[in-house]
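Keeping their order, the protein sequence lines are chains A and B. End of the first sequence = 240 in this note's numbering, gap-free, step of one. End of the second sequence = 583 in this note's numbering, gap-free, step of one. We put the CB at the ideal spot given by N, CA and C, even for glycine. In what follows, a single structure is set out as structure tokens and then discussed.
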Amino acid sequence: MPDAVSTGPALLEIRGLDAWYGEAQALRGVDLEVHAGEVVTLVGRNGAGKTTLLRSVMGLHRQVSGSIVFDGTDLAKVPAHRRARMGLGWVQDDRGIYASLTVEENLLLPPVVSDSAWSTEKVYDAFPVLADRRRAPGTTLSGGEQQMLAIARVLRSGARMLLLDEPTEGLAPVIVSRIRDIIHEVRSTGGTVLLIEQNVKFAATVADRHYLLAQGAVVESLDNADFQARQGELLEHLGI
Amino acid sequence: MSNDVTSGATAHLDLPTDDVHVSATTPRRSGLRWLLLAAGLVVALALPWFIYPPIAMDIACWALFAISLDILLGYCGLLSFGHAAFWGGSAYCTGLVAVHYGVPFPVAVLAGMLFAMLIAVPIGYLSVRATGIYFAMVTLAFAQMIYFIANQWRDVTGGENGLQAVPKSFFGIELVETESFYFYYAALPMILLGMWAAWRIVHSPFGRVLVAIRDNAPRARALGYDVETYKVVAFVLSAGLAGLAGGLFAISHGFVSLQEVNWTTSGKVVLMAVLGGIGTLWGGVVGAGFIVVLEDYMASSGFEGIGIVTGSVFVVVVLLFRRGIWGTLAHHLGRRRQAGTRD
Numbered sequence: 001m002p003d004a005v006s007t008g009p010a011l012l013e014i015r016g017l018d019a020w021y022g023e024a025q026a027l028r029g030v031d032l033e034v035h036a037g038e039v040v041t042l043v044g045r046n047g048a049g050k051t052t053l054l055r056s057v058m059g060l061h062r063q064v065s066g067s068i069v070f071d072g073t074d075l076a077k078v079p080a081h082r083r084a085r086m087g088l089g090w091v092q093d094d095r096g097i098y099a100s101l102t103v104e105e106n107l108l109l110p111p112v113v114s115d116s117a118w119s120t121e122k123v124y125d126a127f128p129v130l131a132d133r134r135r136a137p138g139t140t141l142s143g144g145e146q147q148m149l150a151i152a153r154v155l156r157s158g159a160r161m162l163l164l165d166e167p168t169e170g171l172a173p174v175i176v177s178r179i180r181d182i183i184h185e186v187r188s189t190g191g192t193v194l195l196i197e198q199n200v201k202f203a204a205t206v207a208d209r210h211y212l213l214a215q216g217a218v219v220e221s222l223d224n225a226d227f228q229a230r231q232g233e234l235l236e237h238l239g240i
Numbered sequence: 241m242s243n244d245v246t247s248g249a250t251a252h253l254d255l256p257t258d259d260v261h262v263s264a265t266t267p268r269r270s271g272l273r274w275l276l277l278a279a280g281l282v283v284a285l286a287l288p289w290f291i292y293p294p295i296a297m298d299i300a301c302w303a304l305f306a307i308s309l310d311i312l313l314g315y316c317g318l319l320s321f322g323h324a325a326f327w328g329g330s331a332y333c334t335g336l337v338a339v340h341y342g343v344p345f346p347v348a349v350l351a352g353m354l355f356a357m358l359i360a361v362p363i364g365y366l367s368v369r370a371t372g373i374y375f376a377m378v379t380l381a382f383a384q385m386i387y388f389i390a391n392q393w394r395d396v397t398g399g400e401n402g403l404q405a406v407p408k409s410f411f412g413i414e415l416v417e418t419e420s421f422y423f424y425y426a427a428l429p430m431i432l433l434g435m436w437a438a439w440r441i442v443h444s445p446f447g448r449v450l451v452a453i454r455d456n457a458p459r460a461r462a463l464g465y466d467v468e469t470y471k472v473v474a475f476v477l478s479a480g481l482a483g484l485a486g487g488l489f490a491i492s493h494g495f496v497s498l499q500e501v502n503w504t505t506s507g508k509v510v511l512m513a514v515l516g517g518i519g520t521l522w523g524g525v526v527g528a529g530f531i532v533v534l535e536d537y538m539a540s541s542g543f544e545g546i547g548i549v550t551g552s553v554f555v556v557v558v559l560l561f562r563r564g565i566w567g568t569l570a571h572h573l574g575r576r577r578q579a580g581t582r583d
């Protein structure tokens with residue numbers, strides 16, 4: 001991995017973020033930043049607040065306080081659909097493929113939001129399986145193919161920052177390594193990724209930095225070298 | 241098909257949306273589709289030769305009305321129980337324009353259609369934030385307000401007497417103005433244009449966003465779509481088509497009654513759309529044809545319990561053919577075709 005790029009301006013900056021579900025507090029004073037061109041993972045046990053954090057950034061979880069600044073804009077009053085158009089591309093953990101639309105209709109569904117949008121040809125070159133199945137209903141794809149479609153969909157829309165919620169969960173090793181290649185490619189072309197990852201080994205091969213979450217708070221921030229050195233300890237913490 | 245993806249947002253409205261998608265995904269490049277389209281056109285053109293022309297006109301109007309409702313019900317997952325407001329609102333506006341200005345009827349109908357879209361903007365804006373049964377209730381409430389206005393504003397609408405003597409002005413062409421057989425052919429292009437517009441709406445990128453919102457609104461939001469705005473636009477377009485149908489209905493009858501804004505009219509069009517099959521568009525045509533012919537047959541044979549029969553048919557269809565008449569047919573045709581062409 002190249003040196004961490006923490007010197008550039010923060011593309012995403014989160015300060016003192018609290019989030020609730022009714023009375024239950026899911027996030028406690030989370031501070032986090034992601035710089036342009038970085039790949040950053042959120043690591044933590046189930047229920048640590050990782051998904052809530054991504055949903056809050058996307059504007060889908062509204063019961064929050066604290067500040068989320070994306071590309072210099074405070075997102076507090078920005079509705080979710082505007083955030084998507086600002087370049088935040090959310091890939092949820094159930095992939096979010098529409099059964100009622102074909103693969104291609106799914107792919108072309110989101111609006112193009114920036115110049116960095118992948119062309120349809122580029123997407124099909126990178127994901128030949130999607131080209132082969134373009135007229136099939138979206139959910140006839142396998143889990144791994146749906147994951148690729150979900151990622152391809154936000155790349156095609158030109159999202160400047162991908163928010164990936166457990167992209168490798170439950171997928172075969174060959175698909176996992178394909179997704180690793182995609183993240184590498186996104187990074188090499190200047191894209192930024194914030195991903196949730198339970199698979200510590202996978203996280204160490206794609207990310208520049210890592211945040212460890214526990215009970216809704218960031219307990220540690222590690223660069224990749226530290227992360228790799230302390231893998232055993234982290235695995236124990238995660239209980240996996 | 242995995243159901244977890246579609247279940248989230250549609251759970252609030254108990255619609256068979258997992259069936260509805262069939263129409264959105266069946267391969268379109270197919271000879272069968274053109275054959276059906278041609279058959280539909282032939283039926284539309286031949287109808288007044290076989291059916292008493294005013295009834296043929298009723299079928300055409302109700303068919304477009306049911307299609308307009310299906311844009312909301314089938315493609316947005318929104319059950320409007322107040323569509324009589326737009327059908328009837330346009331009927332009154334069309335009638336008034338025709339009575340007071342004596343313009344050719346297509347102009348009066350366009351005025352009625354614009355009026356329907358105009359009142360749909362605030363109604364849609366205030367309704368789309370509600371979903372499921374609440375959306376149905378809010379739209380019903382607005383439609384009842386329109387009914388109240390139509391009933392009370394006697395000087396303009398004629399109140400319970402209705403709006404009488406609406407002329408069928410058509411550039412002085414007497415055959416069209418007096419013979420309902422020829423009027424049908426003068427009005428049919430507007431109906432077909434309305435149906436074509438509906439087809440374009442649901443098969444456009446806009447229509448795909450509607451389906452995406454129907455299946456899972458938060459996800460559509462996260463992909464960059466302003467869900468409420470899309471719903472309002474769909475609502476207004478649907479109201480416009482309902483208004484087009486209602487205006488032609490008013491001209492065809494030469495009379496606008498309070499019935500057109502009554503809630504039973506909203507209920508009847510839902511019945512037609514569901515009978516034909518929601519999320520299919522053309523199901524509305526089948527449902528409308530079925531109900532109008534059935535009602536006409538029973539009324540002319542002096543049978544009083546029309547509601548009992550249509551109600552029973554409705555129950556049977558909902559229980560046995562959840563996709564509706566047309567939806568069931570299209571599903572079987574589509575499956576046979578898919579089995580043949582899928583690699």
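Item checked: Neighbourhood of Glu535 of chain B by C-beta, 8 angstroms cutoff - its chain only, sequence neighbours within 5 removed -> Ile546 and Thr550
Note to self: Please report whether the beta-carbon of Asp165 of chain A lies at a distance below 8 angstroms from any beta-carbon of chain B.
What the structure shows: no
Item checked: chain B contact for Asp56 of chain A (CB, 8 angstroms cutoff) -> Sequence check: residue 56 of chain A is Ser here, not Asp. Answer no: the Cβ-Cβ gap between Ser56 of chain A and chain B never drops below 8 angstroms.
Item checked: Beta-carbon separation (whole angstroms), Leu312 of chain B vs Phe475 of chain B, contact threshold 8 angstroms -> Contact between Leu312 of chain B and Phe475 of chain B is confirmed by a C-beta separation of about 7 angstroms, below the 8 angstroms threshold.
Notebook entry, point to check: Taking DSSP as the reference, what is the three-state secondary structure of Gln25 of chain A?
Noted result: strand
Checklist line | Alpha-carbon spacing of Ala482 of chain B relative to Trp503 of chain B, whole angstroms | finding: When rounded, the distance between both Cα atoms is 15 angstroms.
Next item on the list: Would you tell me roughly how many angstroms separate the C-alpha atoms of Met148 of chain A and Val123 of chain A, rounded to the nearest one?
Entry: 10 angstroms
Next item on the list: Identify which residue in B:Ala376, B:Phe543 and B:Gly542 has its Cα closest to the Cα of Ser506 of chain B.
Entry: B:Ala376
Margin query: List, from N- to C-terminal side, the alpha helix (DSSP H) runs of 4 residues or more that fit wholly inside the region 330-382 of chain B.
Written below: Qualifying alpha helix (DSSP H) stretches, in chain order: 345-367.
Notebook entry, point to check: Would you say Gly567 of chain B faces chain A, with C-beta separation under 8 angstroms as the test?
Noted result: no
Checklist line | CB of Gly335 of chain B within 8 angstroms of CB of Ala479 of chain B, strictly | finding: no
Next item on the list: Following the continuous alpha helix (DSSP H) through Leu515 of chain B, name the residue where it begins and the one where it ends.
Entry: Looking at the DSSP string, the run of the alpha helix (DSSP H) that includes Leu515 of chain B is Trp503 to Gly516.
Notebook entry, point to check: In terms of alpha-carbon separation, which member of B:Val532, B:Val416 and B:Ala570 lies closest to Asp298 of chain B?
Noted result: B:Val532
Margin query: For a test of the three-state rule: what should DSSP assign to Asp223 of chain A, helix, strand or coil?
Written below: strand
Check: Can at least three beta-carbon pairs, one atom from the region 326-344 of chain B and one from the region 384-400 of chain B, be found at a separation below 8 angstroms?
Finding: yes
Next item on the list: Counting only runs of 4+ residues fully inside the region 36-83 of chain A, write out the alpha helix (DSSP H) ranges in chain order.
Entry: 50-58
Next item on the list: Could you tell me whether the Cβ atoms of Ala351 of chain B and Val361 of chain B are closer together than 8 angstroms?
Entry: no
Checklist line | Among A:Val186, A:Gly144, A:Ser157 and A:Asn224, the one whose alpha carbon lies nearest that of Ala172 of chain A | finding: A:Gly144
Next item on the list: Compare the Cα-Cα distances from Ala348 of chain B to each of B:Thr568, B:Gly487 and B:Cys301 and report the closest residue.
Entry: B:Gly487
Notebook entry, point to check: Along chain B, which residues have their Cβ under 8 angstroms away from the Cβ of Arg85 of chain A?
Noted result: Gly464
Notebook entry, point to check: Within 10 angstroms of its Cβ, does Trp566 of chain B collect 16 or more other Cβ (buried), or is it exposed?
Noted result: buried
Note to self: Please tell me whether Trp90 of chain A has its Cβ less than 8 angstroms away from any Cβ of chain B.
What the structure shows: yes
Next item on the list: Return yes when the Cβ of Glu500 of chain B is within less than 8 angstroms of the Cβ of Ala324 of chain B, no when it is not.
Entry: yes
Note to self: Beta carbons nearer than 8 angstroms to chain A: which residues of the region 420-451 of chain B have them?
What the structure shows: Pro445, Arg448, Val449 and Val451
Check: Whose CA, out of A:Leu141, A:Asp115 and A:Val218, lies closest to the CA of Phe127 of chain A?
Finding: Selected option, being the one with the closest Cα: A:Leu141.
Check: Beta carbon of Leu242 of chain A, beta carbon of Val91 of chain A: below 8 angstroms?
Finding: Residue 242 of chain A lies beyond the range of chain A shown here (1 to 240); nothing can be said about it.
Item checked: Where Ala490 of chain B sits in the DSSP three-state scheme -> helix
Margin query: Nearest by alpha-carbon distance to Ser188 of chain A: which of A:Val206, A:Thr51 and A:Pro111 is it?
Written below: A:Val206
Margin query: Please report whether the beta-carbon of Gly574 of chain B lies at a distance below 8 angstroms from any beta-carbon of chain A.
Written below: no
Margin query: Measuring straight from C-alpha to C-alpha, what distance separates Met385 of chain B and Val526 of chain B?
Written below: 31 angstroms
Next item on the list: Would you mind giving the Cβ-Cβ distance between Ser157 of chain A and Val113 of chain A, rounded to the nearest angstrom? I have them listed as a contact below 8 angstroms.
Entry: Your pair Ser157 of chain A and Val113 of chain A checks out as a contact, with CB atoms roughly 6 angstroms apart and the cut at 8 angstroms.
Checklist line | Where Ala482 of chain B falls: helix, strand or coil (DSSP) | finding: helix
Check: To which residues does DSSP link Trp90 of chain A through a beta bridge?
Finding: A:Leu163
Next item on the list: Have a look at the DSSP bridge pairing and note the partners of Ile194 of chain A.
Entry: Looking at the sequence provided, one finds Leu at residue 194 of chain A rather than Ile. Leu194 of chain A pairs with A:Val40 and A:Leu163.
Note to self: Once DSSP output is grouped into helix, strand and coil, what is the label at Val442 of chain B?
What the structure shows: helix
Checklist line | Reference Leu428 of chain B, options B:Leu277, B:Arg273 and B:Pro288, closest by Cα | finding: B:Pro288
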